[in-house]
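Take a look at the structure set out below.
Number of protein chains: 6
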Amino acid sequence: MKIKIILPNSSPELIKDRIHERKAIAGKGTKIDMICLPKGPVSVENATDEARAIPHILDEIKRAEQEKYDAVTIDCAMDPFPRAIKEAVKIPVVIGGEASRLLATALGDKFSVVTMLPSAAEVIRHNVEASGMGSRLASVRAIDTPVLELADHAKVKEIILQEARIAVEEDGAHVIILGCAGMSRILTYVQEKLQVPVIDPGGAALKIAETLVSMGLAQSKRCFPTPPSKEIK
Amino acid sequence: MKIKIILPNSSPELIKDRIHERKAIAGKGTKIDMICLPKGPVSVENATDEARAIPHILDEIKRAEQEKYDAVTIDCAMDPFPRAIKEAVKIPVVIGGEASRLLATALGDKFSVVTMLPSAAEVIRHNVEASGMGSRLASVRAIDTPVLELADHAKVKEIILQEARIAVEEDGAHVIILGCAGMSRILTYVQEKLQVPVIDPGGAALKIAETLVSMGLAQSKRCFPTPPSKEIK
Amino acid sequence: MKIKIILPNSSPELIKDRIHERKAIAGKGTKIDMICLPKGPVSVENATDEARAIPHILDEIKRAEQEKYDAVTIDCAMDPFPRAIKEAVKIPVVIGGEASRLLATALGDKFSVVTMLPSAAEVIRHNVEASGMGSRLASVRAIDTPVLELADHAKVKEIILQEARIAVEEDGAHVIILGCAGMSRILTYVQEKLQVPVIDPGGAALKIAETLVSMGLAQSKRCFPTPPSKEIK
Amino acid sequence: MKIKIILPNSSPELIKDRIHERKAIAGKGTKIDMICLPKGPVSVENATDEARAIPHILDEIKRAEQEKYDAVTIDCAMDPFPRAIKEAVKIPVVIGGEASRLLATALGDKFSVVTMLPSAAEVIRHNVEASGMGSRLASVRAIDTPVLELADHAKVKEIILQEARIAVEEDGAHVIILGCAGMSRILTYVQEKLQVPVIDPGGAALKIAETLVSMGLAQSKRCFPTPPSKEIK
Amino acid sequence: MKIKIILPNSSPELIKDRIHERKAIAGKGTKIDMICLPKGPVSVENATDEARAIPHILDEIKRAEQEKYDAVTIDCAMDPFPRAIKEAVKIPVVIGGEASRLLATALGDKFSVVTMLPSAAEVIRHNVEASGMGSRLASVRAIDTPVLELADHAKVKEIILQEARIAVEEDGAHVIILGCAGMSRILTYVQEKLQVPVIDPGGAALKIAETLVSMGLAQSKRCFPTPPSKEIK
Amino acid sequence: MKIKIILPNSSPELIKDRIHERKAIAGKGTKIDMICLPKGPVSVENATDEARAIPHILDEIKRAEQEKYDAVTIDCAMDPFPRAIKEAVKIPVVIGGEASRLLATALGDKFSVVTMLPSAAEVIRHNVEASGMGSRLASVRAIDTPVLELADHAKVKEIILQEARIAVEEDGAHVIILGCAGMSRILTYVQEKLQVPVIDPGGAALKIAETLVSMGLAQSKRCFPTPPSKEIK
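Residue numbers (my numbering), protein chains in the order written: chain A, 1 to 233; chain B, 1 to 233; chain C, 1 to 233; chain D, 1 to 233; chain E, 1 to 233; chain F, 1 to 233.
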């Protein structure tokens with residue numbers, strides 16, 4: 001099968017490392033392509049970024065369908081406007097935030113999300129509650145690190161570990177979702193230290209997309225009908 | 001006070017009647033201006049329309065703040081991407097869907113929404129549940145009338161009345177929200193026939209906006225922080 | 001329009017300051033009268049007080065309807081028996097606790113209530129949960145100050161600020177409701193210090209009442225039917 | 001032990017039959033007295049009746065505590081102002097509506113309440129949802145029979161059976177609560193016909209009261225603190 | 001009436017003390033017999049223990065029905081597979097965990113469970129949430145004491161008191177459930193120290209069983225149908 | 001990777017067809033073995049069957065871990081005692097009922113389950129609600145066909161289609177879960193007729209198991225700790 005992964009930002013320099021991580025977990029018969037948006041914000045960290053990116057995301061999803069991809073993933077810890085994304089095409093589209101929550105609920109009763117910025121934490125907390133899974137959420141924690149310090153990978157790794165540890169020991173989380181794509185290299189470290197499953201949203205989206213294609217499934221058009229074409233000024 | 005009403009579509013011909021309805025309920029000291037979007041879909045009937053409209057809505061909200069309006073309303077029965085809308089500015093922004101639900105919960109235990117199209121009904125049902133008020137929702141009903149027949153106002157009025165009656169008598173609704181702006185002329189008719197309160201979302205948004213301005217309130221920047229300016233390609 | 005505000009206690013000395021605060025936010029065309037109860041407890045701080053006051057509240061609401069008021073508000077941070085209040089008359093009746101919650105949910109995802117006594121805090125927490133909005137409640141905090149110290153306004157102001165700050169910084173509140181009418185003079189101070197919206201329940205009730213009158217709405221008699229007259233011994 | 005049963009109305013003619021039913025299920029060591037209110041509405045069928053009765057209910061509960069009863073029950077399918085009732089005394093007070101719901105949840109996943117009047121049905125539905133047990137409620141059904149026909153016991157029995165049957169077969173109820181005290185004579189008939197448990201609220205209250213006394217339990221004063229005495233005008 | 005109490009473990013040495021405690025609260029006309037399982041785990045502290053015990057529990061319940069007992073209780077703070085237990089027979093079966101929650105909700109808005117082991121705490125927390133009463137749960141706390149120290153009763157008593165105090169003062173519990181049968185001797189001590197109701201699950205099960213027998217009630221076969229006999233290899 | 005599929009019944013004749021279906025959707029690198037239980041009920045249709053099967057299920061799961069399988073699935077539309085199953089081993093165990101719900105929530109807002117027997121329908125409805133996903137459940141429908149008629153495949157296919165159609169058109173389901181393993185051959189037929197996604201629980205379990213193995217994930221031992229070995233009589 002052929003899956004297209006869309007980074008919902010306009011930062012092509014992120015592709016190289018990310019596609020490597022995705023290929024490492026892809027099924028043997030899966031061919032992956034990864035793109036970012038030709039226009040739009042350079043990163044997605046709040047609802048405004050999502051709003052500025054969404055028209056371009058829709059365009060890329062439709063293009064993927066025309067290009068005969070079997071499925072599309074939005075490689076992102078947030079859920080930028082999932083209804084529009086699922087209305088856009090008939091092939092399955094899977095979004096990172098949603099996919100990571102699904103896996104988390106299979107692995108434990110309560111999960112926490114650890115993300116970078118307080119603004120993203122508010123959006124993610126809201127997304128979980130709006131999805132009807134609020135009773136499964138232990139906490140959303142932001143590390144709130146100034147951007148410059150993010151260059152110091154060793155330091156960031158320890159800060160993330162610390163927040164994840166609080167999520168487990170004080171908030172009662174059984175599972176951690178890393179709420180930021182750039183964090184995935186840190187995943188194994190946190191998982192080993194805390195001995196709880198740690199989920200990468202972009203990876204979860206890819207594997208759920210493969211699952212849907214294998215099973216002949218896609219989002220229900222009864223819930224997300226493809227809109228008729230309409231005059232847009 | 002000075003309030004700007006934004007129709008989230010690109011159909012200026014709707015303004016004339018609509019502004020008249022809004023002025024009829026505005027407070028004595030309230031000055032109202034109404035605009036529609038310079039670009040974007042001609043109507044908002046599904047999540048795709050919302051996604052295509054949202055960048056233009058954000059631009060108009062920001063412009064309203066620069067023009068020193070005291071508040072903005074989105075005159076719509078749906079909730080197009082409310083987090084981005086509330087992040088955009090510091091002046092209060094009130095959205096029709098949300099405002100109508102707030103009033104409905106003060107007037108009865110259960111409310112129903114009657115709208116035009118099944119696609120809009122799915123979006124509205126989801127919005128209510130995502131807002132945490134699902135336990136107060138009796139039903140969302142679509143009249144599903146072919147567009148051509150909408151020209152026959154007398155007929156549409158009866159069809160809406162019929163759906164609203166089922167909502168009250170079978171679904172247990174105590175309050176009806178008319179989930180479509182063009183329906184407001186029918187409001188009084190339905191209210192008299194069924195003897196339950198019938199709420200017009202756009203009107204609700206205007207009155208809640210006045211309330212917030214009078215009380216010195218606006219959306220919490222702790223929940224909806226104004227994002228820093230960011231590179232957009 | 002003409003609105004009657006009922007203080008649900010028998011302390012007429014509270015009227016003078018309170019009516020001044022309400023007039024400051026009333027619409028230009030709104031005429032306000034404020035009364036307290038001729039009989040009943042001198043303050044409402046627990047469910048027993050509510051129970052002792054409710055027959056007198058019902059009498060005053062009915063009198064207001066006979067006097068041709070357009071609406072009534074119960075100027076109170078609690079919700080003394082709202083079903084009976086809404087059954088009593090056909091004109092809109094709005095209660096402070098409920099009105100403040102409605103506005104709070106429009107301004108942020110999570111709100112806290114700060115009140116004086118632990119007994120009132122238990123009642124308010126219960127009211128929020130019983131209204132179906134428990135998922136939006138961050139916390140209810142009581143300042144638990146001995147009555148004598150309440151005379152020291154400067155001190156009380158700081159104690160309230162302190163509890164509100166904990167609500168925001170530790171409990172995750174985006175919005176504060178001041179759960180006690182006497183606190184409203186402190187509202188601006190807390191709002192400026194914490195930079196989150198702070199809501200006065202009595203003021204919220206007044207503005208929602210104006211909204212309902214403007215829109216021709218009142219509580220649904222389908223939910224709150226006016227009871228037939230009945231033999232009372 | 002000595003338990004006082006309070007009928008929350010002013011209709012002493014109801015006592016004779018009712019006390020007989022209660023004694024039939026009381027434990028061997030339980031002494032029962034039953035009273036009605038000296039003042040107040042002759043029946044409790046809506047929130048207004050509850051509000052008119054509650055001060056007299058509180059007086060009778062306190063009197064029972066002074067008379068050294070071990071517990072009090074409110075023999076009623078509704079829940080007239082339970083917080084005030086539980087604040088009033090330290091001895092256990094059990095209310096019919098609440099007690100019947102507790103037993104129902106032990107007997108099946110979903111229960112329905114069958115009551116006489118639509119007005120009572122609205123109040124009961126609201127009480128169940130406010131108690132946090134809304135997810136266990138299949139339906140509340142009112143038989144809506146004109147008062148005069150209630151004299152025809154055979155007819156009423158069939159009408160109740162019919163509504164209870166719909167609750168079971170269409171609404172999915174596993175358990176029926178008879179939401180009206182006068183219905184208890186019909187209980188066995190419905191239970192045999194439908195082969196599901198049928199609960200009498202007043203009886204449930206009595207047995208839960210016995211349970212609490214045997215186990216040395218009463219309502220938590222941490223939740224329902226006895227209020228300090230207060231000036232009442 | 002004649003009630004059989006089943007300890008869901010294979011430790012007959014626990015019977016002597018336990019039956020004494022149960023008889024102390026039983027009604028005057030109630031005859032009690034207590035057994036433990038002939039096979040199965042020596043204690044029930046996690047889901048695996050429950051799974052290993054359940055076939056033997058079902059056998060004992062059926063035997064009790066054949067022996068003409070009026071009811072059965074499972075004397076346990078957990079809920080080992082309640083659906084199978086309720087399917088097994090037509091006489092009422094009441095389980096400790098469930099019965100204690102029912103009484104707790106009548107005594108306060110929020111309850112906590114204090115148990116011995118973290119593994120049991122996870123199971124109990126899950127049971128409460130799965131029962132639909134999660135909104136009433138303040139916390140589940142484990143004392144996590146090494147087995148050897150449990151021999152030091154004075155020490156255990158203080159540790160339990162300490163956890164229960166935190167549940168009340170920090171977690172907001174109004175009621176404590178002692179989530180472990182061996183704790184019941186400590187119950188009175190904790191209740192007196194904290195002045196909140198403290199519930200023993202096994203005792204609660206017994207009294208609810210008596211209640212059901214008195215009222216002619218048993219679990220609904222509509223919800224828990226007795227399965228047809230089936231080939232078991 | 002190597003995955004063991006456990007049919008939780010003692011009917012080896014089911015293996016031949018079933019393993020064929022599973023291999024059809026398995027990833028290229030996945031080696032599958034399928035077994036049924038050596039002892040236990042011949043089918044799992046109610047909670048009693050689950051209880052009789054669970055000790056044998058646990059034995060087989062542990063054996064699979066010893067045999068170095070990478071993951072185990074329980075190929076079943078129900079969830080037989082998931083906590084014990086997840087406590088038993090460290091390798092991932094995925095259960096059909098749970099896995100199908102996870103996929104369903106990614107494909108639409110509301111799903112229905114169509115199963116054979118009313119007894120199984122009650123168990124499945126309860127499982128969904130206990131998992132915290134009750135707000136996403138449209139309905140559970142049983143076809144209630146006498147066993148003999150099940151031999152007439154063409155007839156069963158039409159009956160299932162009919163129930164699924166009602167679930168979609170009247171109950172509002174966007175997605176159908178076929179709540180019975182033997183139904184999977186009918187899946188494509190229903191999906192094509194109704195144009196909504198139809199999920200086979202056993203297949204869902206297999207694909208989620210593959211996903212977990214690829215991502216290095218397994219159930220959290222913080223939530224499902226492996227119990228210490230214990231004396232079992």
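Using N, Cα and C, we set each Cβ at its ideal position, and we do this for glycine too.
Under DSSP, LYS39 of chain F forms no beta bridge with any residue. Between LEU161 of chain D and the set D:GLY27, D:CYS76, D:THR115 and D:PRO201, the nearest pair of CA atoms involves D:THR115.
Close to chain B, meaning a Cβ-Cβ distance shorter than 7 Å, are the following residues of the stretch 198-230 of chain A: CYS223, PRO225, PRO227 and LYS230. In summary, the residues of the stretch 99-115 of chain D whose CB is separated from some CB of chain F by less than 8 Å are ASP109, in the order they occur in the chain. Note on THR188 of chain A: under 16 other CB atoms within 10 angstroms of its CB, so exposed under the neighbour-count rule. Of the other Cβ atoms in all chains shown, 16 or more fall within 10 Å of the Cβ of ASP75 of chain E; this residue is therefore buried. Among the residues of the stretch 112-146 of chain F, those with a Cβ less than 7 Å away from any Cβ of chain B are SER135, in the order of the chain. Less than 9 Å divides the Cβ of LYS23 of chain F from the Cβ of ILE32 of chain F. Closest option to GLU231 of chain E, judged by alpha-carbon separation, among F:MET1, F:SER10 and F:MET133: F:SER10. Taking a cut-off of 8 Å on C-beta distances, the stretch 125-134 of chain C touches the stretch 94-108 of chain C, as three or more cross pairs fall below it. Between the alpha carbons of ALA71 of chain C and GLU163 of chain C lies a gap of roughly 34 Å. The continuous stretches of alpha helix (DSSP H) do not include ALA173 of chain F, and DSSP gives it neither H nor E. Between the C-alpha atoms of ILE3 of chain B and ARG185 of chain C there is a straight-line separation of about 27 Å. Here SER229 of chain A is exposed. Its C-beta has fewer than 16 other C-beta atoms within 10 Å. Under the DSSP definition of a beta bridge, PHE111 of chain F partners with F:LEU137 and F:VAL175. PRO8 of chain E has a beta carbon lying at 9 Å or more from every beta carbon in chain F. For THR226 of chain E, same chain residues with a beta-carbon under 8 Å away, outside a window of 5 residues either side, are GLU87, ALA88, VAL89 and LYS90 in chain order. When only Cα atoms are considered, CYS223 of chain A and LYS207 of chain B end up about 33 Å apart. Restricting attention to A:THR48, A:THR30 and A:ARG141, the CA atom closest to the CA of LEU178 of chain A is found in A:ARG141. Taking C-alpha positions only, THR30 of chain B is separated from LEU102 of chain C by approximately 22 Å. DSSP lists D:LYS4 as the bridge partner or partners of ASP33 of chain D. Between GLU50 of chain E and VAL175 of chain F, the alpha-carbon positions lie close to 34 Å from each other.
In this chain, ILE124 of chain A is not harboured by any beta strand (DSSP E); it is covered by the alpha helix (DSSP H) spanning 118-130. From the beta-carbon of GLY27 of chain F, the residues of chain A found nearer than 9 Å are GLY27, LYS28, GLY29, THR30, GLU210 and SER214. The beta carbons of THR73 of chain D and ILE15 of chain D sit no closer together than 9 Å. Per the coordinates, the alpha-carbon of ALA173 of chain A lies some 21 Å from the alpha-carbon of ALA173 of chain E.
For ALA104 of chain F, the three-state secondary structure derived from DSSP is helix. Note on LYS110 of chain D: 16 or more other CB atoms within 10 angstroms of its CB, so buried under the neighbour-count rule. Residue range 47-66 is occupied by the alpha helix (DSSP H) that includes ALA47 of chain A. Against chain D, the CB of HIS174 of chain E has a partner CB under 9 Å away; the residue lies at that interface. Per DSSP, reduced to three states, the secondary structure at THR226 of chain D is coil, with no helix or strand assignment. The DSSP-derived three-state label of ALA26 of chain D is coil.
Per DSSP, the beta-bridge partners of ALA142 of chain A are A:THR115. Using a CB distance cut-off of 9 Å, GLN66 of chain A does not count as an interface residue toward chain F. Inclusion of LYS157 of chain A and LEU37 of chain B in the CB contact set at 9 Å is not warranted, their separation being larger than that value.
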